[in-house]
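Just so we're aligned: the sequence shown equals residues 1 to 399 in UniProt numbering.
Beta carbons are placed, not taken as given, at the ideal position from N, Cα and C, and that holds for glycine.
Nothing here was measured: the structure is a model prediction, and the numbers come from that model.
Report on the following structure.
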Amino acid sequence: MEMSCGINNVSAAAAAAVFSSKLDLHVKGKEEEDDDDDGGGVIKSNGTTQNKPIVDSAPPLPAACQTTTTSANFKQQSPEDDDDDQHHLTTDIHPKIPGWFSEDCPIWPGQAHFLKVEKMLFEGKSEYQSMMVFQSSAYGKVFVLDGALQLTEKDESAYQEMITHLPLCSIPNPHKVLLIGGGDGGILREISRHSSVRQIDICEIDVMLIDVYKEFFPDIAVGYEDSRVKLHVMDGTAFLMNVPGGTYDAIIVDAFDPIRTDHELHQTDFFGLVAKALRPGGVLCIQAESIWFHSLNIEQLVAQYRQVFKGSVDYAWTIVPTYPSGVIGFLLCSTEGPYVEFKYPINPINPNDIYGVAKAPLKFYNSEVHSAAFCLPSFAKKLVMDSKVVNNDRVGRSM
């Protein structure tokens, strides 16, 4: 789940210059002070890598990995305690605990997700976002973007495979596919499994992000090795403005958090460009958050997309243990034209086949999981089925 990618206009040359000056490990300054120290592997500004082994004793953890815990002590109230100040929760804040990463993100209010850190591997900041890579004790290597967990080696397949194969297996023989965001390369890896695909365009603005993934997650970033892939280092909206109508069979957007309704990419104009770039009966798939925390946002998104995409609109979900609530959803839309029934894969992919640049068979997706992904709990099904737009900007429910 990539956030804040492909959203600002920048040339490829400018992005390369940013990468040249910005891609530094958090141990680089220490390397200059302690030349004889066994620091971690360093990505040099010229793009080469100095293979210094990462020491077992990790350097001091960033603030995000030095978390706080809270214990609450409740004071027993007597009936005669009427003063407001007698009805307060008293809280003891314990010292920070080193060695743990905590995802305490404003889009997941009232909760935090903790992972034990075995080694810090990378910490850096590009022109667009901050990045962190660490080795966890339970989920392998973990990538964090602006403090929000993006993927782990253990469960990335549940997201990458589903956001890719749900749309591509729902239409016959897709030839041209556009990916906006998804700079980690995992979705590219999954698109490459489809032998019918002839052209794969990816629009990603942050070249530093791409190189960090290539360095630390080669089995995910392997998607860039497919000869059908063409990388466009630029703003996603600007790219779509220059795409002739009806170009793509499928577009996958993995570039932002859809619940941030003020986001540039979230405006109706952007999705109008997406719809225009799709052929009749072409499909869009976009990450659509959790039914447990963002039901009203999902209801609004469904209503908005039904205005823009004149074909079918549906919601699916998958299990990702390291995402808050353990699930994440996808919205799938088709343009007016040949009807698309997303629930039933008409272009099935053999989970045991290895095609393209993927180095292993499918780990999560199969045709049964595809259909099951559209089976929603009753409350979520009602949101999707009953959502409608009122006065063009307010969502209501038909009862």
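- Between Ala250 and Val229, the C-beta spacing is not below 7 Å.
- Ser371 sits in a helix when the DSSP states are folded into three classes.
- Taking 7 Å as the cut-off, the Cβ atoms of Glu161 and Phe293 do not count as close.
- Around the C-beta of Asp155, 16 or more other C-beta atoms lie within 10 Å, and the residue is accordingly described as buried.
- Excluding five sequence positions before and after Val327, the CB atoms of its chain that fall closer than 8 Å to its own CB belong to Ser290, Ile291, Trp292, Trp317, Thr318, Ile319 and Val320, given in chain order.
- At the C-beta level, Val243 and Ala275 stay beyond 7 Å of one another.
- Under DSSP, Met131 shares a beta bridge with Gly124 and Leu145.
- Take the alpha-carbon of Ala373 and the one of Leu383: they are about 16 Å apart.
- Residue pairing by DSSP places His113 opposite Glu103 in a beta bridge.
- In the structure shown, the three-state DSSP call for Thr164 is helix.
- Residue pairing by DSSP places Gly329 opposite Trp317 in a beta bridge.
- Around the CB of Met241, fewer than 16 other CB atoms lie within 10 Å, so the residue is classed as exposed.
- The secondary-structure analysis by DSSP pairs Tyr248 across a beta bridge with Leu278.
- When rounded, the separation of the alpha-carbon atoms in Tyr159 and Ala358 is 15 Å.
- Lys176 is bridged by DSSP to Gln199.
- Collapsing the DSSP output to three states places Glu118 in a strand.
- Boundaries around Lys230 are those of the beta strand (DSSP E), Val229 to His232, since no alpha helix (DSSP H) includes it.
- Ser371 sits close to Lys343, with the two beta carbons spaced by under 7 Å.
- Scanning its chain for C-beta atoms nearer than 7 Å, with the 5 sequence neighbours on each side dropped, one finds around Cys285 the residues Ile163, Leu166, Pro167, Ile252, Phe330 and Leu332, in chain order.
- Secondary structure note for Asp219: its alpha helix (DSSP H) is the uninterrupted segment Pro218 to Ala221.
- Our two residues, Lys176 and Gln199, have alpha carbons roughly 5 Å apart in a direct line.
- In the three-state scheme derived from DSSP, where H, G and I count as helix and E and B as strand, Ser157 is classed as helix.
- Pro280 places its beta carbon less than 7 Å from that of Gly337.
- The residues Ile349, Tyr355, Gly356 and Ala358, in chain order, have a CB closer than 7 Å to that of Arg193 in the same chain once the five nearest residues on each side in sequence are set aside.
- A Cβ-Cβ distance of about 6 Å is found for the pair Asp254 and Gln287, placing them in contact under the 8 Å criterion.
- In terms of Cβ geometry, Lys119 and Gln135 form a close pair [threshold 7 Å].
- Check the Cα spacing between Gly246 and each of Gly272, Lys214, Val133 and Gly147: the tightest is with Gly272.
- For Thr335, the three-state secondary structure derived from DSSP is coil.
- Counting along the chain, Phe309 sits inside no alpha helix (DSSP H), nor does DSSP assign it H or E at all.
- DSSP places Val212 in the helix class (H, G or I) of the three-state scheme.
- The Cβ atoms of Val133 and Phe239 do not sit closer than 7 Å to each other.
- Scanning its chain for C-beta atoms nearer than 6 Å, with the 5 sequence neighbours on each side dropped, one finds around Ser137 the residues Lys116 and Glu118, in chain order.
- The residues Thr152, Glu153 and Lys154, in chain order, have a CB closer than 8 Å to that of Gly140 in the same chain once the five nearest residues on each side in sequence are set aside.
- Rounded to whole angstroms, the gap between the alpha carbons of Ser196 and Pro174 is 6 Å.
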